[in-house]
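Notes follow the structure.
Numbering (full-length UniProt numbering), first residue to last: 1 to 179.
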């Protein structure tokens, strides 16, 4: 795809996605010289990090870290929350999916591919939905078949019960009613 096609595609996106891609451009559309690679040298010195913090530029500002994942600060070792919450990640992914640019987003657990992979790996995770399993249900639901069968048998035996009731009388200790 040429740069003109990318520009035309970018102007057709909603403002929220335009702002996202302006702030976090995908590696697929960046020229190779603008992406920086992290070296395996020692961690930056505290003085260097303080001078860059004083100028308002984070030392890793140009490495385009994933805004959807927590990041470990290189100097302090403390974890920083993702820039976008899970709810906002989901909204961005849905917008990108609607406009056909989801593959340009950085990795997120809310992405379609990741959701499908987890569904295939874990299943529905509802007890009783596996092969040969039954959902527990409420007690009345679990005993319903037995109660209905008992009721059906009682209805089948009803004519004989009525006959024996008439022959013996109207119950225990009652006299027969006069005709």
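Quick reminder that beta carbons are idealized off the backbone N, C-alpha and C, glycines included.
Buried/exposed call for residue i, threshold 16 Cβ in 10 Å
i	result
residue 76	exposed
residue 156	exposed
residue 111	buried
residue 22	exposed
Top-ranked residue by Cα proximity to residue i, from the options
i	options	result
residue 85	78, 108, 102, 143	108
residue 30	68, 19, 14, 2	2
residue 65	96, 106, 143, 88	106
residue 9	100, 95, 74, 80	100
residue 81	74, 68, 87, 165	68
residue 20	74, 102, 5, 114	102
Residue i to residue j span [Cα, whole Å]
i	j	result
residue 116	residue 91	17 Å
residue 148	residue 123	33 Å
residue 89	residue 72	19 Å
residue 14	residue 145	55 Å
residue 150	residue 166	23 Å
residue 4	residue 11	11 Å
residue 160	residue 143	27 Å
residue 26	residue 104	6 Å
Cβ of residue i within 9 Å of any chain D Cβ
i	result
residue 142	Among the chains of the structure shown, chain D does not appear; only one protein chain is present.
Per DSSP, the bridge partner or partners of residue i
i	result
residue 153	Per DSSP, none; premise fails for residue 153.
residue 71	80
Threshold first: 3 residues or longer. Then list the beta strand (DSSP E) segments lying entirely within the region 86-165, N to C. The region 86-165 contains no whole beta strand (DSSP E) run of 3 or more residues.
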